[in-house]
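Chains as they are written, first to last, in our numbering: chain A, 1 to 419; chain B, 420 to 838.
What follows is a set of notes on a single structure, which appears directly below.
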């Protein structure tokens, strides 16, 4: 079944709010196994809304509309949908009662408010529609069915839309859609998107069910394997052989197949398993690596402290980089990165220390060491490895790539050390 | 002029990511005075993309597309747009050179990577198109003009799209729009959104041209004053009196009226003007405050080092917090925050030190100190101030609010100190 999402609202078109309803509804459709081909946003305008709703009803089996169900004259979604679907609007006694109860509660605690006539507009429904109760607001939701198609009208505020969808729309759609969509993710680090794409071109060329889709993140590529099946077990049987094939091809570059696990979580786990503690010594990233590690709840058993040694002086004072290295090689050098990692490990007594030093720009580049030159060091049990990188992009992008590359180097050093 | 935004990407249709590009592009169109009537999202599918792009080009003067410019076979935006607009694709020598440079830098330091043939697909452009250089990735942007219409193709990743729009597309569209929309921003910190809204309710009630719109950010409220006028001078004459009124009302809470200046930049400037150096001592934020400071180019003359004292032991060892404070008051306490700031200043010899210690959750809260309890300290020239906060939200949100509140406290302490 083909679905589509239409959101109505001028504040979305003005960019005042990010359209999280679309993301939520689309994710739910994906979980239900509906094929979602379009998302549209349109303003509260008679002509343009008519055009958009008519197009949607013609090309899709399920159209989910959100917004424009309020009590004001601007709110047109219900009226226009009824017109497009050729349904008369009639007053619904049950809805009127619900609205009355909701408003009476509200007015009781708000001495300046009273129930205004326009509120009853919300009790009008297209003839034959299924009414969806709204526990968190006055606008009821509606499902209008005609010729095998379902048009679902939901209120715009996410705190009304989400529970209404979850408790009333999801079960309704579940019954219409016997097949489910189920997916798994294979997360790869240390190989570029186009190389991954080349390596799986044959699998993608053959694919029908399941399908494989690559998503590039900074320093990572995620491959999503999606199957359509009658049950989760059947989906697993389709997906698992593909996951195994990917594991054969990408080996250690796969850091997880867990949907919710991040690269930094995997690294923390590896450290925890080995009883290792970690120290960070950051220059150009200024704490961004540590911040990412600390964002994982429970990092404190592995991560005890970090240094932001931004000046040369701080590199000498806190992690014992020798003055001679700074004078002859400079702060952005392989030797300095090595000394920072080693010093970080020694002065703190940590098993592992990772260091980052580089030129994030926009100034400070030289022909030999252009902006984007970054050295990353990792010291494990007194054994130090340094890698040199040349990143492209603006200051922020260079720092972001540095942080991810540090996590990737850290991961590979831990795995190497455990061999 | 009528504009419309089309985003291409299966991950948006699957609800895996929230469509922030649409919100950004729509806000920019509003700033430019373009009327935006539609936002559409479509997947990487030949037939559906052709339909969507054709419809958009027919009904709008400016169509902004994002996504689908990558090197893989899935990426179809450029090819289909060229077909719809009846333009041949030719190789662009400049783009090929840019891509080659970008990739060579990348491949040099990555032994596992090589340039694959599919990368050159990104150097193909529709004949006569304006090429937009991409400093943060390989896919160039494109502007295709025909019969007074402009179709603008931008890469999907926000860190590539945003700078490309700002530096190349905004000036291009600015020239096409004769009545200009001009706006200024008044950035306020340290007052909540609803209080700001109450304080300007009378101004908003009267507004026609210019208009005032509040935007809430974490810890900040930005008021955008927008005028429609024939020239920048005329716009200034409309806007400036409103800015003066806001300055009278919000006084020192306004930290800048410069569109591009951030709170951390303002704080760094204040420090630099006074010849002050800064040290950070972070616990629950784990380096996020320092990372935000270091993100400002040229921070090194003010910021020399920072400490991430995540464990109690690190607080004692690196910034000399007394054991007795940790034992009797705990690490999340006013006394500990004060000791961290004072110790950070003393051990480094910095004029100013700022400290953050708190409970970011999800665990670790107690009835007396629930999750969200954060103490922030600021020590200037041996005089220490501590503020206690109770933040709501998840771990990440608590840490973000902590970072902004530290910057706000730092700012107010510096201003207070200079009186």
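Virtual Cβ for every residue (Gly too), placed ideally from N, Cα, C.
Fair warning: this is a prediction, and the values are worked out from it, not measured in the lab.
**Asked** What is the rounded straight-line gap between the Cα of residue 740/B and the Cα of residue 732/B?
**Response** Taking the first residue of the second chain as 1, we reach residue 740/B at position 321. Taking the first residue of the second chain as 1, we reach residue 732/B at position 313. Distance between the alpha carbons of residue 740/B and residue 732/B: 9 angstroms.
**Asked** For chain A, is any of its Cβ atoms less than 8 angstroms away from the one on residue 431/B?
**Response** Your numbering for residue 431/B matches position 12 in the second chain. Taking Cβ atoms only, chain A reaches closer than 8 angstroms to residue 431/B, which makes this a yes.
**Message:** Assuming the contact rule is C-beta atoms closer than 8 angstroms, residue 832/B and residue 799/B should be a hit. Round their C-beta distance to whole Å, please.
**Reply:** Residue mapping note: residue 832/B aligns to position 413 of the second chain, counting from 1. Residue mapping note: residue 799/B aligns to position 380 of the second chain, counting from 1. Confirmed, Cβ separation roughly 6 angstroms.
**Asked** Along chain A, which residues have their Cβ under 7 angstroms away from the Cβ of residue 707/B?
**Response** Locating residue 707/B in the second chain gives position 288, where the first residue counts as 1. Simply 287, 291.
**Request:** Find the nearest neighbour of residue 383/A within the set 395/A, 397/A, 341/A, judged by alpha-carbon distance.
**Result:** Position 383 of the first chain, counted from the start, is the residue given in the question as residue 383/A. Here the closest residue by C-alpha is 341/A.
**Request:** State the Cα-Cα distance for the pair residue 273/A and residue 260/A, rounded to the nearest angstrom.
**Result:** Within the first chain, residue 273/A is the residue found at index 273, counting from 1. Within the first chain, residue 260/A is the residue found at index 260, counting from 1. Between residue 273/A and residue 260/A, the C-alpha separation is close to 19 angstroms.
**Asked** Assuming residue 457/A contacts residue 44/A under a Cβ cut-off of 8 angstroms, what Cβ separation, rounded to an integer in Å, is found between them?
**Response** Absent from the structure is residue 457/A, since the part of chain A shown begins at 1 and ends at 419.
**Start and end residues, beta strand (DSSP E) containing residue 843/B** = Nothing about residue 843/B can be read from this structure; chain B reaches only from 420 to 838.
**Chain-ordered neighbours of residue 396/A on chain B, where CB pairs are closer than 8 angstroms** = Residue 396/A sits at position 396 when you count from the first residue of the first chain. What residue 396/A touches in chain B: 578, 714.
**Cross-chain neighbours of residue 429/A in chain B, by beta carbon under 7 angstroms** = Nothing in the structure corresponds to residue 429/A, since chain A is present only between 1 and 419.
**Request:** Output, in sequence order along the chain, the residues in the segment 40-64 of chain A whose CB is closer than 8 angstroms to any CB in chain B.
**Result:** 40, 41, 42, 43, 45, 48, 52
**Request:** Give me the Cα-Cα distance between residue 197/A and residue 493/B, rounded to the nearest whole angstrom.
**Result:** Position 197 of the first chain, counted from the first residue, corresponds to residue 197/A. Position 74 of the second chain, counted from the first residue, corresponds to residue 493/B. Rounded to whole angstroms, residue 197/A to residue 493/B spans 10 angstroms at the Cα level.
**Item:** Coil, strand or helix - residue 821/B by DSSP
**Value:** Within the second chain, residue 821/B is the residue found at index 402, counting from 1. Three-state DSSP puts residue 821/B in a helix.
**Request:** Return the CA-CA distance between residue 267/A and residue 349/A, expressed in angstroms with no decimal places.
**Result:** Within the first chain, residue 267/A is the residue found at index 267, counting from 1. Within the first chain, residue 349/A is the residue found at index 349, counting from 1. When rounded, the distance between both Cα atoms is 19 angstroms.
**Request:** Give the interface partners of residue 363/A over in chain B, defined as CB-CB distance under 8 angstroms, in chain order.
**Result:** What you label residue 363/A is simply residue 363 of the first chain in a count that begins at 1. Those are 716, 717, listed as they occur along chain B.
**Cβ pair residue 66/A, residue 140/A closer than 8 angstroms** = The residue given as residue 66/A occupies position 66 in the first chain. The residue given as residue 140/A occupies position 140 in the first chain. It is not a contact, given that the beta carbons lie outside the stated cut-off.
**Prompt:** How many Å lie between residue 41/A and residue 836/B at the Cα?
**Reply:** Here residue 41/A refers to the residue found at position 41 of the first chain. Here residue 836/B refers to the residue found at position 417 of the second chain. So the two alpha carbons sit approximately 51 angstroms from each other.
**Of the listed residues 208/A, 226/A, 303/A, nearest to residue 345/A (C-alpha basis)** = For this step, residue 345/A is matched to residue 345 along the first chain. If we check each option's Cα against that of residue 345/A, 303/A comes out closest.
**Message:** Give the list of continuous alpha helix (DSSP H) stretches no shorter than 4 residues that lie fully inside the segment 726-771 of chain B.
**Reply:** 731-738, 742-747, 753-767
**Asked** By Cβ distance, which residues of its chain are closer than 7 angstroms to residue 553/B, with the 5 residues on each side in sequence left out?
**Response** Working through the second chain from its first residue, we reach residue 553/B at position 134. Cβ neighbours of residue 553/B beyond the five flanking positions: 559, 560, 574, 579, 583.
**Message:** Which residue marks the beginning of the beta strand (DSSP E) containing residue 142/A, and which one marks its end?
**Reply:** Counted from its first residue, the first chain places residue 142/A at position 142. Run containing residue 142/A: 141-146, per the beta strand (DSSP E) assignment.
**Message:** Three Cβ pairs or more, each shorter than 8 angstroms: is that satisfied between the segment 428-443 of chain B and the segment 396-414 of chain A?
**Reply:** no
**Asked** Under 8 angstroms between the Cβ atoms of residue 490/B and residue 538/B?
**Response** For the purposes of this step, residue 490/B is taken as residue 71 along the second chain, with counting starting at 1. For the purposes of this step, residue 538/B is taken as residue 119 along the second chain, with counting starting at 1. Yes, the Cβ-Cβ distance between residue 490/B and residue 538/B is below 8 angstroms.
**Request:** Helix, strand or coil for residue 643/B, going by three-state DSSP, please let me know.
**Result:** Residue mapping note: residue 643/B aligns to position 224 of the second chain, counting from 1. Three-state result, residue 643/B: strand.
**Prompt:** Thinking C-alpha only, which one of 526/B, 470/B, 546/B, 632/B is nearest residue 506/B?
**Reply:** As a position in the second chain, residue 506/B is number 87, starting the count at 1. The option with the nearest alpha carbon to residue 506/B is 546/B.
**Request:** Report yes or no: do the segment 420-427 of chain B and the segment 235-248 of chain A share at least 3 C-beta pairs separated by less than 8 angstroms?
**Result:** no
**Request:** Please report how far the alpha carbon of residue 89/A lies from the alpha carbon of residue 122/A, in whole angstroms.
**Result:** Taking the first chain and counting its residues from 1, the one referred to as residue 89/A is at position 89. Taking the first chain and counting its residues from 1, the one referred to as residue 122/A is at position 122. Whole-angstrom Cα-Cα distance: 11 angstroms.
**Asked** With respect to 7 angstroms, is the separation between the Cβ of residue 34/A and the closest non-hydrogen atom of the ligand FMN below this value?
**Response** Among the components of this structure there are no ligands whatsoever, and the ligand FMN is therefore not found.
**Asked** For a contact meaning CB atoms closer than 9 angstroms, what does residue 331/A contact in chain B?
**Response** In the first chain, the residue the question calls residue 331/A occupies position 331. Residues of chain B passing the Cβ test: none, with the nearest at roughly 10 angstroms.
**Request:** Assuming residue 503/B contacts residue 535/B (C-beta within less than 8 angstroms), just tell me the rounded distance between them.
**Result:** If you number the second chain from 1, residue 503/B lands on position 84. If you number the second chain from 1, residue 535/B lands on position 116. Actually they are not in contact, since the Cβ atoms of residue 503/B and residue 535/B sit about 28 angstroms apart, beyond 8 angstroms.
**Request:** Look at the alpha carbon of residue 357/A and the alpha carbon of residue 315/A, and state the distance between them as a whole number of angstroms.
**Result:** Walking along the first chain from the start, residue 357/A turns up at place 357. Walking along the first chain from the start, residue 315/A turns up at place 315. Rounded to the nearest angstrom, the two C-alpha atoms are 10 angstroms apart.
**Request:** Sort out for me which residues DSSP pairs residue 802/B with in a bridge.
**Result:** The residue you call residue 802/B lines up with position 383 of the second chain. Partner(s): 799/B.
**chain A contact for residue 441/B (CB, 8 angstroms cutoff)** = As a position in the second chain, residue 441/B is number 22, starting the count at 1. Closer than 8 angstroms: yes.
**Message:** Which complete alpha helix (DSSP H) runs does the segment 508-558 of chain B hold, if anything under 4 residues is left out?
**Reply:** 512-527
**Closest residue to residue 186/A among 166/A, 7/A, 208/A, 245/A (Cα-Cα distance)** = Here residue 186/A corresponds to residue number 186 of the first chain, with the count starting at 1. Answer by Cα proximity: 245/A.
**Asked** In chain A, which residues lie with their C-beta within 7 angstroms of the C-beta of residue 455/B?
**Response** Here residue 455/B corresponds to residue number 36 of the second chain, with the count starting at 1. 13, listed in chain order.
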